[in-house]
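If you use our numbering, the sequence shown closes out at 104, no skipped numbers anywhere.
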Amino acid sequence: MKKIVPIIIAVLIIFAIGGARYRYSVNKYRDLDYTVQKYVTSGLFNKYKLYKVDDIKLSFSDGDIAVMSVSGMESKSPHKNVKYKVFLEKTKSGIWRVKNIYSAKL
């Protein structure tokens, strides 16, 4: 019994820390700029991945749907400047999700 109590306490602490980190990261996705920046600069199989974001502009938003223009340097060689239109949708919990990305002319 004495060996089980520390194990249970350790497991509870790990779950508490994991839950706090999850809530913190989900709360960040309520910000449009953070969502777009994170999406276009990360991901292993993301074909729209940018090495560096130069400019993010909000083109349209009605509170539930948003369109943002993103320009920056492509992560693939040769690192040319590209511009994308990012379409986002807000979930019921207030988190922005990327629906589509389209290439736009510079």
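A virtual CB, placed ideally from N, CA and C, is assigned to each residue, including glycine.
Give the secondary structure of Tyr20 by DSSP, where H, G and I count as helix, E and B as strand, and everything else as coil. In this structure, DSSP gives Tyr20 a helical state, which the three-state scheme calls helix.
On the three-pair Cβ rule with 8 Å, is the segment 79 to 91 touching the segment 30 to 39? The answer is yes - the segment 30 to 39 touches the segment 79 to 91, with three or more Cβ pairs under 8 Å.
At the level of alpha carbons, what is the spacing between Ser75 and Leu48? Taking the straight line from one Cα to the other gives about 11 Å.
Could you tell me the alpha carbon to alpha carbon distance between Ser57 and Tyr22, rounded to whole angstroms? Ser57 and Tyr22: Cα-Cα distance of roughly 28 Å.
By alpha-carbon positions, which one of Gly61, Tyr46, Ile2 and Met(-1) ends up nearest to Glu71? Looking at the sequence provided, one finds Met at residue 71 rather than Glu. Nearest C-alpha to Met71: Tyr46.
According to DSSP, which residues form a beta bridge with Tyr32? Answer is none; Tyr32 lacks a bridge partner.
Kindly list the residues whose CB is nearer than 6 Å to the CB of Gly92, restricted to its own chain and excluding five residues on each side of it in sequence; keep chain order. Excluding residues within five positions, the ones whose Cβ falls inside 6 Å are Arg28.
Tell me the residue span of the beta strand (DSSP E) that contains Gly92. That residue, Gly92, is in no beta strand (DSSP E); it is neither H nor E in DSSP.
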